[in-house]
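Below is one structure, written out as C-alpha coordinates; the observations come after it.
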Amino acid sequence: MNAVSFSLLMLGVFLNATAQLLLKAGTNAVGHFDFSTGNIVPVGMKLALEPHIMGGMACYVVSLVVWIMGLSRVEVSIAYPMLSVGYALNAIAAWYLFGEAVSMTRLAGIGIIIVGVYIVARS
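When we follow our numbering, the leftmost residue of the sequence shown carries the number 71, and every step to the right adds one.
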(Lines of atoms letter the chains of each structure in order from A; the text may use other names.)
(Lines give C-alpha, C1' and ligand atoms only; values in the text may rest on other atoms or scores of the structure.)
Protein backbone atom coordinates (compact mmCIF):
# COMPACT_ATOMS: atom_id res chain seq x y z
CA MET A 71 0.00 0.00 0.00
CA ASN A 72 1.46 3.36 -0.97
CA ALA A 73 1.32 6.60 1.02
CA VAL A 74 -1.56 8.12 -0.98
CA SER A 75 -3.75 5.04 -0.55
CA PHE A 76 -2.97 4.82 3.16
CA SER A 77 -3.65 8.56 3.58
CA LEU A 78 -7.03 8.28 1.86
CA LEU A 79 -8.04 5.36 4.05
CA MET A 80 -6.91 7.09 7.24
CA LEU A 81 -8.66 10.33 6.25
CA GLY A 82 -11.84 8.31 5.69
CA VAL A 83 -11.42 6.68 9.11
CA PHE A 84 -10.75 10.04 10.77
CA LEU A 85 -13.83 11.61 9.16
CA ASN A 86 -15.96 8.64 10.16
CA ALA A 87 -14.72 8.86 13.76
CA THR A 88 -15.31 12.61 13.79
CA ALA A 89 -18.86 12.02 12.54
CA GLN A 90 -19.53 9.68 15.47
CA LEU A 91 -18.20 12.22 17.97
CA LEU A 92 -20.29 15.00 16.46
CA LEU A 93 -23.40 12.81 16.55
CA LYS A 94 -22.74 12.07 20.23
CA ALA A 95 -22.26 15.77 20.96
CA GLY A 96 -25.53 16.46 19.14
CA THR A 97 -27.46 13.87 21.12
CA ASN A 98 -25.92 15.25 24.32
CA ALA A 99 -27.19 18.70 23.33
CA VAL A 100 -30.68 17.42 22.50
CA GLY A 101 -30.88 15.18 25.56
CA HIS A 102 -32.66 11.89 26.09
CA PHE A 103 -35.71 11.40 23.92
CA ASP A 104 -38.23 8.71 23.10
CA PHE A 105 -39.75 8.26 19.69
CA SER A 106 -43.50 7.88 19.67
CA THR A 107 -46.17 8.69 17.14
CA GLY A 108 -46.87 11.99 18.86
CA ASN A 109 -43.32 13.31 19.04
CA ILE A 110 -41.56 11.85 16.01
CA VAL A 111 -41.84 15.09 14.02
CA PRO A 112 -40.74 17.48 16.80
CA VAL A 113 -37.88 15.22 17.91
CA GLY A 114 -36.90 14.53 14.30
CA MET A 115 -36.78 18.26 13.56
CA LYS A 116 -34.81 18.95 16.72
CA LEU A 117 -32.26 16.32 15.72
CA ALA A 118 -32.15 17.37 12.07
CA LEU A 119 -31.48 21.00 12.97
CA GLU A 120 -28.90 20.34 15.70
CA PRO A 121 -25.57 21.78 14.39
CA HIS A 122 -23.41 18.93 15.71
CA ILE A 123 -25.63 16.35 14.04
CA MET A 124 -25.56 18.28 10.76
CA GLY A 125 -21.75 18.39 11.03
CA GLY A 126 -21.65 14.66 11.71
CA MET A 127 -23.76 13.94 8.65
CA ALA A 128 -21.50 16.17 6.54
CA CYS A 129 -18.45 14.26 7.80
CA TYR A 130 -20.15 11.00 6.82
CA VAL A 131 -20.76 12.27 3.28
CA VAL A 132 -17.15 13.42 2.82
CA SER A 133 -15.94 10.21 4.48
CA LEU A 134 -17.88 8.15 1.95
CA VAL A 135 -16.30 9.98 -0.99
CA VAL A 136 -12.79 9.65 0.46
CA TRP A 137 -13.40 5.99 1.32
CA ILE A 138 -14.51 5.21 -2.25
CA MET A 139 -11.33 6.86 -3.52
CA GLY A 140 -9.31 4.67 -1.16
CA LEU A 141 -11.17 1.52 -2.20
CA SER A 142 -10.36 2.24 -5.83
CA ARG A 143 -6.67 1.87 -4.90
CA VAL A 144 -6.64 -0.86 -2.23
CA GLU A 145 -8.20 -4.31 -1.89
CA VAL A 146 -11.24 -4.29 0.37
CA SER A 147 -9.70 -7.09 2.46
CA ILE A 148 -6.92 -4.62 3.33
CA ALA A 149 -9.00 -1.43 3.51
CA TYR A 150 -11.93 -2.61 5.63
CA PRO A 151 -9.89 -3.62 8.69
CA MET A 152 -8.47 -0.08 8.70
CA LEU A 153 -11.87 1.13 9.92
CA SER A 154 -10.96 -0.46 13.25
CA VAL A 155 -8.55 2.40 13.91
CA GLY A 156 -11.70 4.48 14.40
CA TYR A 157 -12.48 2.46 17.54
CA ALA A 158 -9.22 3.59 19.09
CA LEU A 159 -9.68 7.20 18.01
CA ASN A 160 -13.22 7.35 19.34
CA ALA A 161 -12.40 5.72 22.67
CA ILE A 162 -9.63 8.22 23.36
CA ALA A 163 -11.63 11.19 22.08
CA ALA A 164 -14.74 10.14 24.05
CA TRP A 165 -12.65 9.94 27.21
CA TYR A 166 -11.18 13.39 26.56
CA LEU A 167 -14.30 15.16 25.24
CA PHE A 168 -17.13 13.46 27.11
CA GLY A 169 -15.44 12.02 30.19
CA GLU A 170 -16.30 8.46 29.20
CA ALA A 171 -14.53 5.67 31.09
CA VAL A 172 -11.64 3.90 29.41
CA SER A 173 -10.67 0.90 31.51
CA MET A 174 -7.44 -1.08 31.27
CA THR A 175 -9.39 -3.89 29.63
CA ARG A 176 -10.70 -1.50 26.99
CA LEU A 177 -7.19 -0.11 26.43
CA ALA A 178 -5.85 -3.65 26.02
CA GLY A 179 -8.53 -4.38 23.44
CA ILE A 180 -7.71 -1.17 21.58
CA GLY A 181 -4.04 -2.17 21.60
CA ILE A 182 -4.90 -5.54 20.08
CA ILE A 183 -6.97 -3.80 17.40
CA ILE A 184 -4.07 -1.49 16.50
CA VAL A 185 -1.64 -4.41 16.29
CA GLY A 186 -4.08 -6.29 14.08
CA VAL A 187 -4.54 -3.33 11.75
CA TYR A 188 -0.78 -2.93 11.50
CA ILE A 189 -0.36 -6.61 10.56
CA VAL A 190 -3.11 -6.38 7.93
CA ALA A 191 -1.67 -3.17 6.49
CA ARG A 192 1.78 -4.76 6.16
CA SER A 193 0.46 -7.91 4.45
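Every residue gets a Cβ at the ideal spot worked out from N, C-alpha and C, and that includes glycine.
Would residue i and residue j be called neighbours here (beta carbons separated by less than 8 Å)?
i: L91; j: A149; result: no
i: F168; j: K94; result: yes
i: T97; j: C129; result: no
i: P254; j: V100; result: No answer is possible for residue 254: it lies beyond the span of the chain, which begins at 71 and ends at 193.
i: S75; j: G125; result: no
i: A158; j: I184; result: yes
i: M71; j: A161; result: no
i: S142; j: G82; result: no
By the three-class DSSP mapping on this structure, what secondary structure does residue i have?
i: N72; result: coil
i: A171; result: coil
i: N109; result: coil
i: H102; result: coil
i: L119; result: coil
Cα separation between residue i and residue j?
i: V136; j: F84; result: 11 Å
i: V155; j: I182; result: 11 Å
i: M127; j: A118; result: 10 Å
i: V172; j: L153; result: 20 Å
i: F103; j: P121; result: 17 Å
i: F105; j: V113; result: 7 Å
i: W165; j: I180; result: 13 Å
i: A73; j: G108; result: 52 Å
How would you label residue i, buried or exposed, when you count the other beta carbons within 10 angstroms and need 16 or more for buried?
i: I138; result: exposed
i: N86; result: buried
i: E145; result: exposed
i: I110; result: exposed
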